[in-house]
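Numbered according to our numbering, the sequence shown spans residues -3 to 269.
Every residue, glycine too, gets a C-beta built ideally from N, C-alpha and C.
In what follows, a structure is listed as structure tokens, so that the remarks can point back to it.
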Amino acid sequence: IPNNKNFKIKSICVGNLYAGGTGKTPLSIKISNILKKKYKTVFIKKKYSDQIDEQNLLKSYGNLICRKDRDNALKIATKQKYDVAILDDGLQDKSLNYNITIACFNSSDGIGNSFLIPSGPLRENISEIKNYDAVFLDGEKSNKKFSKYLKKLNNDIKVFEAKYIPTNLKSFNLNKKFLFFCGLGNPSEFERTLIKYKFKIKEKFVFPDHYNFSDKNIFNIKKLAKKKKLNIITTEKDYLRLNKKNRQNIKFLKIDLSIKNMKNFSKFLIKKL
């Protein structure tokens, strides 16, 4: 296995075992915000044409190097004299040896039925958790049982918890009724957040992850919203996928990942680097 120390750049891989919707991108952004006071950071993402939304989201929070293979992206980051590369996805890329590995889970979903794709939601066996440094459980519900289970598999693993906190609530009139649409790996988590913050949801359109919205899709959403006098809300990631014309009369909920025991997490990162 190539050692990334050859690259003269430190690397943090934020990945998942559960396919889709575990909060990798918000956590990558959070890590960058924590570290950029001390280090020159860069995001690295493997180039997939259907993941423009995540690429755009990362670009709006920092510098991004997007290439067909991560090894090449790390070489470019080293040349450009970055100190720390934050890889959004890539735990299953065993050709690289990262300085820090973090596996993300949604606290409500856990490991689903525990089977590998296509019989279940897992990209690799849960026993792989023994090779990782930390896990992140994000979502509205705390899951102590799942934390204990992960600790049994790897006694040394650090377990952190986080929730999504809206940062632009004041720009919404919560007396109004809403329609939401999204194309996420875990749409129910977005819905849980909206309900928690007292949005009156009357209609919803749920599309596949990284969905490329057509003009007709947006036309139909707006038509129903107009008919039922509903305000339209989506996620920042989905909003960034819309063209300028389609963005009219659509607002997005901007969220921040709020980490429980942030001090410990910051210390963990600095110590491991």
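Taking C-beta separations shorter than 7 Å and ignoring five residues to either side along the sequence, the partners of residue 230 in its chain run 176, 177, 178, 246 and 248, following chain order.
Contiguous beta strand (DSSP E) elements confined to the stretch 136 to 203 occur at 154 to 162, 173 to 179 and 196 to 203, taking only those with 3 or more residues. A direct Cα-Cα distance of roughly 14 Å separates residue 70 from residue 85. Closest by C-alpha distance to residue 208, out of 8, 18 and 48, is 48. In this structure, the beta-carbon distance from residue 134 to residue 31 does not fall below 8 Å. Contact between residue 95 and residue 7 holds: CB atoms are separated by about 5 Å, below the 8 Å threshold. Assignment of residue 123 by DSSP, reduced to helix, strand and coil, places it in the helix class. Around the beta-carbon of residue 12, 16 or more other beta-carbon atoms lie within 10 Å, marking it buried. Within the stretch 12 to 40, no run of beta strand (DSSP E) at least 3 residues long lies entirely inside it. Cβ-Cβ separation between residue 58 and residue 182: approximately 24 Å, too far for a contact (criterion under 8 Å). Residue 101 is not a Cβ neighbour of residue 35, given a cutoff of 8 Å.
If you compare the alpha carbons of 63, 193, 159 and 184 with that of residue 169, the shortest gap goes to 193. Pairing residue 185 with residue 53 gives a Cβ-Cβ distance that is not under 8 Å. Shown here, residue 5 sits in coil according to DSSP, grouped into three states, outside any helix or strand.
When the Cα atoms are used, residue 251 and residue 167 turn out to be separated by approximately 13 Å. Inter-residue distance for residue 205 and residue 46 is about 9 Å (C-alpha atoms, whole angstroms).
If you compare the alpha carbons of 199, 187, 188 and 128 with that of residue 155, the shortest gap goes to 128. Proximity to residue 235 across 79, 50 and 61 peaks at 50, based on C-alpha coordinates. Contact between residue 106 and residue 142 is confirmed by a C-beta separation of about 5 Å, below the 8 Å threshold.
Residues 50, 53, 54 and 84 of the same chain have their beta carbon placed closer than 7 Å to that of residue 21, with the five preceding and five following residues left out of the count.
Here the alpha carbon of residue 132 sits roughly 39 Å from the alpha carbon of residue 219. Ranking 180, 140 and 98 by CA distance to the CA of residue 202 puts 180 first.
Distance from the CA atom of residue 42 to the CA atom of residue 60, rounded to whole angstroms, is 10 Å. Residue 216 and residue 114 have their C-alpha atoms roughly 32 Å apart. Under DSSP, residue 134 shares a beta bridge with 102 and 158.
The continuous beta strand (DSSP E) containing residue 254 extends over residues 251 to 255. Taking a C-beta distance under 8 Å as the contact criterion, residue 221 and residue 214 do not qualify as a contact pair. Residues 250 of the same chain have their beta carbon placed closer than 6 Å to that of residue 164, with the five preceding and five following residues left out of the count. Residue environment for residue 27: buried (at least 16 other C-beta atoms within 10 angstroms of its C-beta).
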